[in-house]
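Heads up: the sequence shown begins at 50 in my numbering, then just goes up one per residue.
Every residue gets a Cβ at the ideal spot worked out from N, C-alpha and C, and that includes glycine.
Here the structure is a predicted model, which is why all the values come from computation and not from measurement.
Everything on this sheet refers to the single structure shown next.
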Amino acid sequence: MDEPLRLEQAGCHRGAARLSSAAPSATCSAGGSSRASGAFLRRRPLSGGVRDGLAPAGRRGRAARRRPRAGRRSGGDRGPRGACDLPAGEPAEAPAIAADPPATPGDPFTPDANGTFTAFPAIYAAPPEWTPELEAKYPKHGLVTGLAALVRERTERDAAILGILRAGTRVRTDAELSFGGGCTKGWHKVYPAGWICLNAGLEIGDAPPDDGLVATPRPRLDAAMPYEYWRVSHDGTPFFHRLPGFSEQDQADMAAKTWLSEHGRTLMPTTPADRPPEVPAVVKEYLNSGFYVTVAGEAVKSERKFLRTLRGTFARKYQLEQREGSTFQGLVLRGEEDLPIHWIVRETPLQRRSGEGEALIKLEDKKPVRRSRYPFVRKVTIGTARFYEDAEGNLMPEYAVGQSYKLKRLPGVGPEEKWVHVDLSEQTLVAYAGDRPVFTTIVSTGKEPGMTPVGVHRLQSKHIATSMRDQPVEDDAYSIEDVPWTQYFHNNVALHGAFWHGGFGLVRSHGCVNLSPPDARWLFGFTEPALPDGWHSVSPTTGAFGKASAVVVTE
């Protein structure tokens with residue numbers, strides 16, 4: 050049966066997506082109200098609107114940036130196995146284009162003086178006028194009290210998933226319960242589409258239920274990062290079901306120390322029956338350095354500070370460190386006339402010809418900043434090497450530049466559609482409204498050929514945030530809770546925000562298209578379909594929400 054769940058994707062490599070449940074028990078009370086026990090704590094209300102200002106930060110038909118050539122940096126730029134942290138030797142974050150966000154929000158499609166955006170496109174579809182017909186069809190008020198509830202296409206536990214609602218989401222539902230399909234507590238039809246099983250944790254009433262039961266924070270839709278993200282900094286960090294006492298912490302630490310000495314960084318099983326008996330029952334799981342969690346708040350016990358995760362567990366604050374994410378932003382385009390754009394993706398000096406031959410000299414005093422833009426005017430070949438050249442004859446090796454260019458709309462993509470083009474050789478992304486380019490930025494895609502699949506795809510699902518596990522981004526297994534602004538377009542390959550690195554413009558991932566958090570948020574609001582009001586994710590492949598945006602990937 051459908052239960053409160055944790056949605057986990059196998060991530061940007063060839064693995065299978067999976068759902069794991071963490072089910073509070075559900076009971077039905079008299080008086081037309083269904084209540085789920087095991088609810089999360091009280092949450093704060095969602096702030097303001099979706100608009101907010103942010104601090105901004107000749108095509109080649111080859112995948113040359115995939116593998117280093119002579120004179121080309123590799124290890125320091127990419128980091129080992131796409132490490133989450135900026136590796137040694139990586140250039141520091143380029144400064145943001147503007148130091149402070151604008152005082153007032155603006156139009157997400159109107160560039161500021163620096164060419165970037167000052168607002169985000171809306172995530173949610175505009176709610177319709179609530180007519181008497183809708184009131185008659187959906188007279189009840191619902192509140193999700195479990196961690197998350199699946200919205201299914203039919204009243205069957207194996208029916209297609211239309212979307213996911215997280216704790217605290219309010220919905221309108223029909224009046225009568227429907228039974229069958231593996232749901233023991235019954236189903237309610239919800240607006241605008243689909244069915245939710247009461248086993249998932251859903252309270253129904255004639256009036257809007259009190260949300261004092263729920264205390265998971267709502268995502269920040271007006272910010273680049275929807276949640277607060279923290280990185281585990283110690284191997285064998287225990288996460289507790291509740292605030293532990295000193296003796297329980299000592300027992301947990303001793304059990305972790307013994308496990309690490311015997312098993313290395315292999316994760317300890319989470320099932321009590323499968324882990325050593327000396328692990329105290331208050332421990333839910335152990336995580337190693339390199340795992341990321343989302344934090345909902347702080348707590349103090351016996352003068353020791355703890356962080357409470359969005360999943361309701363507790364960890365000692367000193368064993369984690371907060372990550373803010375890159376503030377880099379792409380450019381809003383007024384049309385085809387703004388292209389091409391040339392991005393500096395490797396920080397190396399400009400060069401000049403020393404004479405009539407092929408000899409070049411480096412201009413050490415002219416080194417454009419990585420992730421900045423530079424006004425090259427043409428591409429030239431000198432000997433066997435290719436360069437970009439500016440109006441003054443200064444040269445930059447082709448491998449140090451990523452080019453955003455205009456791509457002709459492909460057959461199957463409509464003249465009014467919103468769609469996205471990702472070029473693997475250039476490590477660039479351009480978003481289009483029909484034939485008009487409206488936005489461009491630099492990205493990080495799969496490190497090896499085939500990891501990011503070439504072709505014309507359609508978005509399969511959109512998630513404000515979703516957890517990804519077992520992605521070998523570091524030299525060990527790791528987990529990231531609530532990867533922001535995730536849009537799957539081919540199996541487990543997605544467009545998403547990457548707050549754990551700033552190496553955009555260089556290949557890095559195991560298949561997914563990494564964007565800076567601000568860029569990922571802008572793109573999430575731009576693509577179609579928009580999410581139904583209040584929903585955390587939507588699956589457009591079911592056909593209930595209109596045609597999904599195309600994602601065109603070329604080499």
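Burial state of residue i, where buried means 16 or more other Cβ atoms lie within 10 Å
i, result
"ASP260", "buried"
"ILE410", "exposed"
"ARG114", "With a pLDDT of 43 at ARG114, under the threshold of 50, the modelled position of this residue cannot be trusted; read the value that follows with caution. ARG114 should be labelled buried."
"SER96", "Caution is warranted here: a pLDDT of 32 is assigned to SER96, below 50, making its placement in the model unreliable, and the coordinate value is therefore given only provisionally. Exposed."
"VAL349", "exposed"
"MET303", "exposed"
"GLY499", "exposed"
"TYR537", "buried"
"THR591", "buried"
"ALA256", "exposed"
"TRP179", "exposed"
"ALA175", "exposed"
Residue interval of the alpha helix (DSSP H) (run including residue i)
i, result
"ARG181", "The sequence shown places Pro at residue 181, rather than the Arg named in the question. PRO181 -> alpha helix (DSSP H) spans 181–186."
"GLU252", "First-last for GLU252: 251–254, but that is the beta strand (DSSP E), not the alpha helix (DSSP H)."
"ALA569", "566–575"
Residue i - containing beta strand (DSSP E), residue span
i, result
"GLY504", "504–507"
"ARG419", "No beta strand (DSSP E) contains ARG419, which DSSP labels as neither H nor E."
"SER310", "It is not in any beta strand (DSSP E) - SER310 instead sits in the alpha helix (DSSP H) that spans 295–312."
"ASP223", "Element bounds for ASP223: n/a, residue is neither H nor E."
"CYS246", "244–246"
"GLN452", "450–453"
"GLN378", "From DSSP, GLN378 is part of no beta strand (DSSP E); its letter is neither H nor E."
"GLY592", "Where GLY592 is concerned, there is no enclosing beta strand (DSSP E), given that its DSSP letter is neither H nor E."
"GLU405", "Here GLU405 belongs to no beta strand (DSSP E), and DSSP marks it neither H nor E."
"GLY212", "210–215"
"LYS350", "341–350"
Beta-carbon spacing of residue i, residue j below 8 Å
i, j, result
"THR265", "LEU359", "yes"
"LYS234", "LEU247", "yes"
"GLY243", "ARG206", "no"
"ILE393", "ARG419", "yes"
"VAL492", "THR515", "no"
"PRO589", "PRO581", "no"
"GLU497", "GLY483", "no"
"SER586", "LYS511", "yes"
"VAL600", "VAL469", "yes"
"VAL331", "PHE289", "yes"
"PRO567", "ALA305", "no"
Separation of residue j from residue i, as counted between CA atoms
i, j, result
"TRP549", "GLY560", "16 Å"
"GLY294", "LEU309", "23 Å"
"GLY583", "PHE363", "27 Å"
"THR343", "LYS354", "16 Å"
"ARG557", "THR490", "16 Å"
"SER528", "GLY346", "20 Å"
"LEU459", "PRO502", "17 Å"
"ALA597", "GLN371", "35 Å"
"ARG203", "THR576", "26 Å"
"PRO389", "PRO486", "11 Å"
"ILE146", "GLY442", "For ILE146, the pLDDT reaches just 34, beneath the cut-off of 50, and the residue's location in the model is therefore unreliable, although a value from the coordinates is still provided. Roughly 27 Å between the two C-alpha positions."
"LEU399", "GLY406", "18 Å"
"SER296", "GLY313", "24 Å"
"VAL437", "LEU444", "The amino acid occupying residue 437 in the given sequence is Tyr; Val does not appear at that position. Spanning the two alpha carbons is a distance of roughly 6 Å."
"GLY551", "VAL471", "18 Å"
"GLU311", "GLY546", "36 Å"
"ASP156", "PHE169", "8 Å"
"ARG570", "ASP439", "33 Å"
"ASP271", "PRO326", "46 Å"
"PHE166", "LYS455", "20 Å"
"GLY504", "GLY495", "15 Å"
"ALA434", "GLU447", "8 Å"
"THR307", "VAL263", "38 Å"
"TYR173", "GLY574", "8 Å"
"SER83", "GLY212", "Only weak support is given to the placement of SER83: the predicted model assigns it a pLDDT of 38, under 50, and the value that follows is read from those uncertain coordinates. When rounded, the distance between both Cα atoms is 21 Å."
"ASP284", "LEU369", "11 Å"
"GLY38", "LYS457", "Nothing can be reported for residue 38: it is not among the residues displayed for the chain, which extend from 50 to 604."
"ARG324", "ASN540", "33 Å"
"GLY595", "ARG507", "12 Å"
Interface flag, residue i vs chain B, CB-CB below 8 Å
i, result
"ARG427", "Of the chains in the structure shown, none is chain B; there is only one protein chain."
Item to complete: Tell me, please, whether the segment 373–387 touches the segment 423–436 by the rule of three or more beta-carbon pairs shorter than 8 Å.
Response: no
Worksheet entry | At least 3 beta-carbon pairs within less than 8 Å: the segment 271–283 vs the segment 323–335 | no
Item to complete: Please determine if the segment 178–195 and the segment 217–229 are in contact, where contact requires at least 3 C-beta pairs separated by less than 8 Å.
Response: The segment 178–195 is in contact with the segment 217–229.
Discussion item. Whether or not the segment 477–488 and the segment 444–454 are in contact is what I'm after, with contact meaning three or more pairs of Cβ atoms, one per stretch, closer than 8 Å; do they touch?
Written reply: yes
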